[in-house]
Amino acid sequence: GYRDGPASVAEFDTIEAIAVDRALHVYVTDMNNHRIRKIVDQKVDRRDDRGGHDQGPIVTTLWGSGMIRVRRPIIPENPFHMLAPSGLAVDNAGRYLYVADTARARIRRVNLSASRTDSMDARGITLCTTGRPEQLFGCGVDSFCPYGLALNGTVLAISDSYYHHINIFHLDKALPSDPNDLPDDDTGREAKRLSGIRDLKHYHGYLDGEAGEAQFASPNGIAYDRNGNLFVADTYNHVIRKVDRFGNTRSWCGFHWGPKSLNNKGGHVDGVALLARFRQPQGIAADRSGNLYVADTGNHVIRKITPAREVTTVAGRVGLKGTKDGASLVARFRSPNAIAVDRKGDLYVADTGNHVVRKIVFHHKGSRHVHRAGNKDRAAGNTTPTTN
16 GYRDGPASVA EFDTIEAIAV DRALHVYVTD MNNHRIRKIV DQKVDRRDDR
66 GGHDQGPIVT TLWGSGMIRV RRPIIPENPF HMLAPSGLAV DNAGRYLYVA
116 DTARARIRRV NLSASRTDSM DARGITLCTT GRPEQLFGCG VDSFCPYGLA
166 LNGTVLAISD SYYHHINIFH LDKALPSDPN DLPDDDTGRE AKRLSGIRDL
216 KHYHGYLDGE AGEAQFASPN GIAYDRNGNL FVADTYNHVI RKVDRFGNTR
266 SWCGFHWGPK SLNNKGGHVD GVALLARFRQ PQGIAADRSG NLYVADTGNH
316 VIRKITPARE VTTVAGRVGL KGTKDGASLV ARFRSPNAIA VDRKGDLYVA
366 DTGNHVVRKI VFHHKGSRHV HRAGNKDRAA GNTTPTTN
């Protein structure tokens with residue numbers, strides 16, 4: 016469904032990505048509604064004269080008309096129209112939100128500090144595209160399919176799950192200070208290949224190596240750590256990969272099942288490095304301490320990877336689907352696709368199969384609780400916190 020309002024009544028339809036800024040504002044791509052949604056925790060003083068109280072999270076539509084108008088041979092340009100948006104990334108200053116407008120084969124930028132009604136930039140600008148106008152609906156032969164996004168300073172990494180590549184886009188080299196000065200063509204704004212086999216589009220596989228030699232199978236979520244290394248949820252290889260600043264790729268955690276990996280359902284084993292097992296991981300995020308958190312989609316759980324490459328399950332029970340809140344291993348998820356971590360170390364999960372946003376709070380004694388930002392039956396969220 017689609018509905019703005021308090022989290023207890025708001026509705027989503029297939030949340031594909033999630034991001035959180037320094038002010039703890041949460042952004043999600045509402046893929047099947049073709050919109051970007053914003054969740055703000057509204058704190059109202061209980062003692063005010065109006066009898067106010069804590070209303071909990073409020074969901075609004077930040078960007079996107081939800082309209083799909085397909086006319087051949089081209090799709091008319093409208094800055095508010097998106098088609099199946101997926102990846103998100105927000106800069107450290109909380110000024111810009113970057114969006115993978117996937118079915119239009121584009122990366123868009125939204126100015127979060129400007130009014131969407133009085134600023135062209137607030138409606139989003141196209142940063143890069145390699146497709147012709149008639150190919151903007153879907154991922155054409157001469158196009159690319161941006162899915163996951165990760166930002167490291169002025170470098171934007173883009174996972175292409177359709178062509179099995181990792182691309183990078185240098186914002187400082189491509190963007191003028193005034194967005195209105197962007198050229199009409201895409202000169203200088205093409206995304207460059209960081210890792211993935213050269214020349215062969217659609218070529219999937221599994222191989223560690225230098226830039227241009229490594230192979231992936233539908234890489235989805237990506238995240239930078241504090242040292243500038245890029246970590247990739249290599250979904251159909253069932254592994255987490257590490258790409259260094261030079262584009263060299265190595266397997267970080269998880270077990271590859273060989274040539275039959277694409278047809279293999281993966282597994283679930285907590286352990287160290289390559290002894291661990293994942294099942295179609297799609298989301299990944301890094302905290303300030305160098306820990307990685309993975310939305311292990313096929314296992315319906317959330318995993319943690321320490322800097323020492325130790326993998327543990329922090330929320331959910333392997334193979335058990337559901338939408339239950341509670342202590343970490345009591346909680347239930349249904350195909351979580353994406354994950355984000357805030358400055359306090361708490362996690363936000365796109366519980367895609369339940370059409371809700373979940374929050375995992377880490378308490379001082381190390382215990383973890385999953386809170387709901389939605390109600391499964393309404394495809395939205397209930398903000399009542401759980402207790403021990």
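Per the numbering used here, residue 16 is the first one in the sequence shown, and the count goes up by one each step. Note that the Cβ used here is the ideal one computed from N, Cα and C, for glycine as well. In this text, all values refer to a predicted model and were calculated from it rather than measured experimentally.
Would you mind working out which of N47, V371, D302 and A342 sits nearest A355, comparing C-alpha positions?
-> A355 has its Cα closest to that of D302, out of N47, V371, D302 and A342.
Can we say the region 289–308 touches the region 343–357, given the rule of at least three CB pairs closer than 8 Å?
-> Output reads yes: the region 343–357 touches the region 289–308.
Determine the closest residue to G313 out of H283, P322 and D340, with distance taken between C-alpha atoms.
-> Checked all of H283, P322 and D340; the closest Cα to G313 is H283.
Reference E26; option with closest CA among N235, A108, R121 and V74 | Closest option to E26, Cα to Cα, is V74.
So which of H40, L289, T328 and R121 has the shortest CA-CA distance to L98?
-> Nearest option by C-alpha distance: R121.
Are there three or more Cβ pairs, one per stretch, closer than 8 Å when the region 334–341 is compared with the region 260–275?
-> Not touching, per the Cβ criterion.
Range of the contiguous beta strand (DSSP E) that encloses W78 = For W78, the enclosing beta strand (DSSP E) begins and ends at G71 to W78.
Identify the continuous beta strand (DSSP E) that holds L103 and give its terminal residues.
-> Its beta strand (DSSP E) spans residues L103 to V105.
Close Cβ partners of R294 (< 7 Å) along its chain, the five nearest in sequence each way excluded | Only H253, K280, G281, G282, H283, D311, G313 and N314 meet the Cβ criterion.
So, helix, strand or coil for G273, using DSSP?
-> Judged by DSSP in its simplified three-state form, G273 adopts helix.
Candidates T76, R324 and D366, of which the one nearest L289 by Cα | The shortest C-alpha separation from L289 is found at R324.
Pair within 8 Å by beta-carbon distance, I299 and A248 = It is a contact, given that the beta carbons lie within the stated cut-off.
Spatial neighbours of G163 in its chain, beta-carbon cut-off 6 Å, leaving aside the 5 residues before and after | So the qualifying residues of the chain are G102, S174, N235, G236 and I237.
Anticipated Cβ contact below 8 Å, A4 with V43, distance rounded = With the chain covering only 16 through 403, there is no way to say anything about residue 4.
Return helix, strand or coil for A238, following the three-state DSSP convention.
-> Here A238 sits in strand by DSSP.
When the Cα atoms are used, what is the spatial distance from N263 to A229?
-> Pairing N263 with A229, the inter-Cα distance amounts to about 8 Å.
Among the residues of its own chain, which have a CB less than 6 Å from the CB of A32, if the five just before and after it don't count?
-> Apart from the 5 residues on each side of it in sequence, A32 sits with its Cβ closer than 6 Å to the Cβ of T44, S101, G102, L103 and A353 in its chain, given in chain order.
Compare the Cα-Cα distances from V376 to each of T367, D340 and G368 and report the closest residue.
-> Closest in C-alpha terms to V376, from the list T367, D340 and G368, comes D340.
Pick out whichever of A342, D36, R123 and E225 has its Cα sitting closest to the Cα of G360.
-> Ranked by how close their Cα comes to the Cα of G360, the residues A342, D36, R123 and E225 have D36 in first place.
Between the CA atoms of Y239 and D106 - distance to the nearest angstrom = A direct Cα-to-Cα measurement between D106 and Y239 gives close to 12 Å.
Could you check what DSSP says for D187 in three-state terms: helix, strand or coil?
-> DSSP places D187 in helix when its eight states are reduced to three.
DSSP beta-bridge partners of V326 | Within the DSSP secondary-structure output, V326 pairs in a beta bridge with G286 and I320.
Neighbour-count burial assignment, A22, 16 or more Cβ in a 10 Å radius | Buried, because 16 or more other Cβ atoms sit within 10 Å of the Cβ of A22.
Under 8 Å, do G79 and I54 count as touching if we go by C-beta distance?
-> No. Outside cutoff.
Determine the closest residue to H180 out of V258, S304 and G273, with distance taken between C-alpha atoms.
-> Out of V258, S304 and G273, V258 has the C-alpha closest to the C-alpha of H180.
Which residue comes first and which comes last in the beta strand (DSSP E) that contains V247?
-> First-last of the beta strand (DSSP E) with V247: L245 to D249.
What did DSSP end up calling G163 once you bin it into helix, strand or coil?
-> Secondary structure of G163 (DSSP, three-state): strand.
So is A38 buried or exposed if we call it buried at 16+ other beta carbons inside 10 Å?
-> By the neighbour-count definition (other C-beta atoms within 10 Å, threshold 16), A38 is an exposed residue.
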